Amino acid sequence: MAKEKVADITEELESRFLTYALSTIVSRSLPDVRDGLKPIHRRILFAINSMGINADSKPVKSAKIIGEVLGKYHPHGDASTYESMVRMAQEFSMRYPLVDGKGNYGSLDGDPPAAYRYTEGRLTPITSYILSDIKKDTVDFRPNYDNTLKEPEVLPSRIPNLLINGASGIAVGMACSFPSHNLTEVINALISLVDDPKQSTTQIMKSIKGPDFPTAGILLNSKTELRKAYDQGSGMVKIRGEWKLEKLPRGKVQIILTAIPYGVNKSRLIEKIAEIIISKKLSPLQDIRDESDEKVRVVLEIKSGTDPEKIMTYLFKHTELETNFQLNFNCLKPTGEPARLSLKELCKHFLDFRKGVVTRRLKFDLAVLEKRLHILAAFVTIFKNLDKALKLIR
Numbered sequence: 027m028a029k030e031k032v033a034d035i036t037e038e039l040e041s042r043f044l045t046y047a048l049s050t051i052v053s054r055s056l057p058d059v060r061d062g063l064k065p066i067h068r069r070i071l072f073a074i075n076s077m078g079i080n081a082d083s084k085p086v087k088s089a090k091i092i093g094e095v096l097g098k099y100h101p102h103g104d105a106s107t108y109e110s111m112v113r114m115a116q117e118f119s120m121r122y123p124l125v126d127g128k129g130n131y132g133s134l135d136g137d138p139p140a141a142y143r144y145t146e147g148r149l150t151p152i153t154s155y156i157l158s159d160i161k162k163d164t165v166d167f168r169p170n171y172d173n174t175l176k177e178p179e180v181l182p183s184r185i186p187n188l189l190i191n192g193a194s195g196i197a198v199g200m201a202c203s204f205p206s207h208n209l210t211e212v213i214n215a216l217i218s219l220v221d222d223p224k225q226s227t228t229q230i231m232k233s234i235k236g237p238d239f240p241t242a243g244i245l246l247n248s249k250t251e252l253r254k255a256y257d258q259g260s261g262m263v264k265i266r267g268e269w270k271l272e273k274l275p276r277g278k279v280q281i282i283l284t285a286i287p288y289g290v291n292k293s294r295l296i297e298k299i300a301e302i303i304i305s306k307k308l309s310p311l312q313d314i315r316d317e318s319d320e321k322v323r324v325v326l327e328i329k330s331g332t333d334p335e336k337i338m339t340y341l342f343k344h345t346e347l348e349t350n351f352q353l354n355f356n357c358l359k360p361t362g363e364p365a366r367l368s369l370k371e372l373c374k375h376f377l378d379f380r381k382g383v384v385t386r387r388l389k390f391d392l393a394v395l396e397k398r399l400h401i402l403a404a405f406v407t408i409f410k411n412l413d414k415a416l417k418l419i420r
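Numbering-wise (the numbering used here), the sequence shown opens with residue 27 and increments by one.
What follows is the structure, given as structure tokens:
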């Protein structure tokens with residue numbers, strides 16, 4: 027019979043809560059600074075790659091992919107797993123989508139995706155750079171949940187995925203919120219950091235101008251505000267939708283909304299503007315129409331002689347045409363420890379990671395070449411002593 031253990035309930039609760047919190051943070055909620063992925067996203071991409079479904083392949087049913095992920099690597103809910111896959115395929119969610127989704131994968135209006143039995147998917151071309159060289163012992167593997175297979179602890183990403191695609195998550199007592207950035211700008215910043223590792227955030231920002239969201243929009247922050255946020259790994263970015271004037275016959279004009287802030291539901295935004303029109307809170311604004319297709323095009327009809335700037339100023343203040351995006355650079359360091367990092371630290375961790383990956387790849391290639399050279403040396407010995415070799419064989 028097991029011995030009873032008497033413990034202080036306060037200490038025991040603290041210990042168990044901390045264990046649970048760390049487990050949630052490490053295994054679910056925070057992305058890894060190296061490949062920018064959470065475990066669920068990493069497992070989905072690895073599973074699709076293992077199935078041989080790359081950018082050149084014919085897409086397969088999402089149900090097959092989800093089944094592969096659940097059965098081999100991620101024994102959790104199918105709905106949450108499919109939701110994670112869907113997000114990686116949405117062009118309005120990801121700056122550089124990692125999954126090429128075929129079928130209804132949702133919309134800016136908040137429409138849900140079709141069930142996974144109807145949609146299909148495969149990897150996008152850019153994802154090949156995240157998975158390249160994975161078979162060359164470039165990263166460590168660990169047993170899967172039932173110890174029958176191996177899964178990568180991290181993917182050997184050639185691209186700084188955390189910075190270019192961003193990430194968001196809520197853990198126990200900790201959250202993260204990374205905006206996406208332009209790939210070219212980030213690569214240029216990394217190159218300049220290799221040339222001069224002592225660069226300051228100000229110097230890095232000569233390459234990285236600021237966040238670059240999938241849905242476009244205008245950043246209203248000053249360079250000083252952005253630099254402070256990048257230095258501290260925390261801050262706020264103010265995003266405003268984009269608009270233009272379109273001329274009509276008889277000297278009339280109408281306002282065209284061409285971009286909305288990241289994360290804003292277009293349908294709800296239109297409903298809010300429609301409520302303003304109906305309540306006559308903004309009398310010069312007469313009507314609203316959604317003419318969007320692949321691009322955002324929302325038409326605002328206004329009275330003749332109205333100042334469009336005044337209308338837009340009102341809408342920016344009273345609707346989600348102007349919103350805030352919280353920057354919170356919490357992620358897992360290579361040691362598995364959660365930390366809030368600055369922009370420079372994010373770049374440096376990625377460069378250190380790539381150095382390790384390239385070193386391991388070169389060692390692997392060298393071992394393959396040495397093995398091949400050993401075989402070729404044996405052939406040379408045989409050909410130099412062909413008669414003896416034939417006699418021995420006979």
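Even for Gly, the Cβ is constructed at its ideal location relative to N, Cα and C.
Remember, predicted model here, so these are calculated numbers, not experimental data.
The alpha-carbon of residue 230 is positioned some 38 angstroms away from that of residue 128.
As computed with DSSP, residue 352 is found in a beta bridge with 262. Contact annotation: residue 145 and residue 88 have beta-carbon atoms nearer than 8 angstroms.
Annotation: residue 194 to residue 356 spans about 9 angstroms, alpha carbon to alpha carbon. Residue 303 and residue 295 have their C-alpha atoms some 13 angstroms from each other.
Non-local beta-carbon contacts of residue 208 in its own chain, meaning distances under 7 angstroms to residues more than five positions away in sequence, involve 238 in chain order.
From the listed residues 328, 413, 371, the smallest Cα separation to residue 312 is found for 328. With respect to the 8 angstroms criterion, residue 181 and residue 156 are classified as neighbours on the basis of their beta carbons. When the Cα atoms are used, residue 234 and residue 330 turn out to be separated by approximately 42 angstroms. Collapsing the DSSP output to three states places residue 154 in a helix. Taking all protein chains in view, the Cβ of residue 183 is crowded by 16 or more other Cβ atoms within 10 Å, so the residue is classified as buried.
Spatial neighbours of residue 379 in its own chain (CB-CB distance under 6 angstroms, excluding positions within 5 residues in sequence) are listed in chain order as 60. Fully contained in the region 289–352 are the following beta strand (DSSP E) runs of length 3 or more, in chain order: 311–316, 324–328. Looking at the DSSP output, residue 196 shares a beta bridge with 201.
Counting along the chain, no alpha helix (DSSP H) covers residue 273; the unbroken beta strand (DSSP E) around it starts and ends at 268–273. In this structure, 192 is the residue among 213, 192, 187 with its C-alpha nearest to the C-alpha of residue 205. Beta-bridge partners assigned by DSSP to residue 127: 147. Here the C-alpha atom of residue 292 lies approximately 13 angstroms from the C-alpha atom of residue 349.
Counting other Cβ atoms within 10 Å of its Cβ, residue 111 reaches 16 or more and is therefore classed as buried.
DSSP places residue 402 in the helix class (H, G or I) of the three-state scheme. Following the DSSP letters along the chain, one finds residue 69 inside the alpha helix (DSSP H) bounded by residues 65–76.
By a beta-carbon distance limit of 8 angstroms, residue 265 contacts residue 245. Their separation comes to about 6 angstroms. DSSP, reduced to helix, strand and coil, places residue 115 within a helical segment of the structure shown. DSSP, reduced to helix, strand and coil, places residue 225 outside both helices and strands of the structure shown, so it counts as coil. If you check the CB distance, residue 287 and residue 267 come in under 8 angstroms. Contact holds between the region 381–389 and the region 159–177, because three or more Cβ pairs, one in each stretch, are under 8 angstroms apart.
The residue among 187, 55, 35 with its C-alpha nearest the C-alpha of residue 363 is 55.
DSSP places residue 177 in the uninterrupted beta strand (DSSP E) bounded by 176–178.
In this structure residue 400 is exposed. Its beta-carbon is surrounded by fewer than 16 other beta-carbon atoms within 10 angstroms.
When rounded, the separation of the alpha-carbon atoms in residue 215 and residue 232 is 8 angstroms.
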